[in-house]
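Accompanying notes for the structure given below.
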Amino acid sequence: MLRKIILFTISGLVALITLALVYGSLRWAFVTEKMYASLEAKRFSPKNLRYNSKELIGLPPPVQRYFRAVLTEGQPIISAVTIKHTGTFNISPTDEQWKPFTSIQKVITSRKGFVWDGRIKIMPGLTAYVHDAYIAGEGILYASLFGLIPLAKSQGTTKMAKGELMRFLAEAAWYPTALLPTQGVCWHAVDNYSAKATLTDGQITVSLLFYFNQKGLIKSVRAEIRGRNVAGEMVPTPWEGQWWNYKLCNGIRIPTQGEAKWILSKNSKPYWRGHITKIKYEFAQ
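Residue numbers (this note's numbering): 10 to 294.
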């Protein structure tokens, strides 16, 4: 009799946990779809429909070399892209605790915005759900266990918005027509292998320093000040993203691997390492 009671209790607990996990997953999917809808609601057609190399006239030499290396004359402007990633994420602000992740990222190039929907496997049976987004001028970061138990939330501040717009600009190596002057980016010469890019979206303006290799491709992107979340506060910190393993996709040369890191006083602190498993473009018509 006691054995039956124990088995019944265990079965009931398993059923409750399963229902909770299903509910959390469905709830997270619902929130994700709402974010996608908000992103799409602000979408409009790009200024130009096709790339014309004449707009490279007057740009810094390394920027001109970059566009000639990754784009082809007359190709359509990228209006949106969906990217699937896999890789590892360092969940510790001080130690090396790299955990596997998978993600789906949707990007709209006009109006600038993205939604990153990630899953980080903390340990077997324990998964963190993460939203990182920039929608209509607002930065959003939200993490929870199984979509149920809140872990972190940041939203609604100017620092947060700037940090997310910086991410959009740095990751434009995956959707390079968004870096063209006609798409809102202003380029300023620095030297033969670097240039400063400035982007404004609404009331938010950000600048990043782009470094190019001898093949003309972006090898890294740097921000001297970007908000780093430390115990719930945004601390200004130098940041750098690195890109490599370029491949052709729909006639566009893009990096398929990368790393993001914070530049601290004594060393660098990588926190994201990933590679593209699938990418799908939408083009202006």
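Backbone N, C-alpha and C define an ideal beta-carbon position, used for all residues, glycine too.
In this structure W183 touches I263 by the C-beta definition: roughly 5 Å separates them, less than 8 Å.
Checking the DSSP bridge columns, you'll see I92 partnered with Q114, I288. Distance between T191 and I272, taken at the CA atoms: about 32 Å.
Contact annotation: T286 and K93 have beta-carbon atoms nearer than 7 Å. Counted as a single uninterrupted DSSP element, the alpha helix (DSSP H) harbouring G172 occupies residues 167-179.
For the pair P55 and S119, the CB atoms are nearer than the 7 Å cut-off.
Secondary structure of R120 (DSSP, three-state): coil. Rounded to whole angstroms, K115 and Y290 show a C-alpha spacing of 10 Å. A direct Cα-Cα distance of roughly 8 Å separates G225 from V72. When DSSP states are grouped into helix, strand and coil, K108 belongs to the strand group.
Assignment of beta-bridge partners to V244 by DSSP yields R237.
Judged by beta-carbon spacing, C258 lies within the 7 Å limit of I288, meaning their Cβ atoms are closer than that value. In chain order, T265 place their CB closer than 6 Å to the CB of K256, counting only its own chain and leaving out the 5 sequence neighbours on each side. Straight-line spacing of the CA atoms in W252 and S34 works out to 32 Å. Annotation: R231 to T246 spans about 11 Å, alpha carbon to alpha carbon.
When DSSP assignments are scanned along the stretch 38-106, the uninterrupted stretches of alpha helix (DSSP H) that are 4 or more residues long and fall wholly within it turn out to be 70-79.
By the Cβ rule, the stretch 55-69 does not count as touching the stretch 272-281, because fewer than three pairs are nearer than 8 Å. Classified as buried, I117 has 16 or more neighbouring CB atoms from the shown chains inside 10 Å of its CB. Look at the beta carbons and you see the stretch 73-87 not touching the stretch 163-178: under three pairs across the two are nearer than 8 Å. P279 is bridged by DSSP to K270.
Sequence-distant partners of T95 (beyond 5 residues in either direction) whose C-beta falls short of 6 Å from its own C-beta, in its chain, are T111, T286.
Of the candidates N238, F155, H284, the residue whose Cα lies closest to the Cα of A38 is F155.
Beta bridge pairing from DSSP links G250 with V230, A269.
In the DSSP assignment, Q164 falls within the beta strand (DSSP E) that extends over 158-164.
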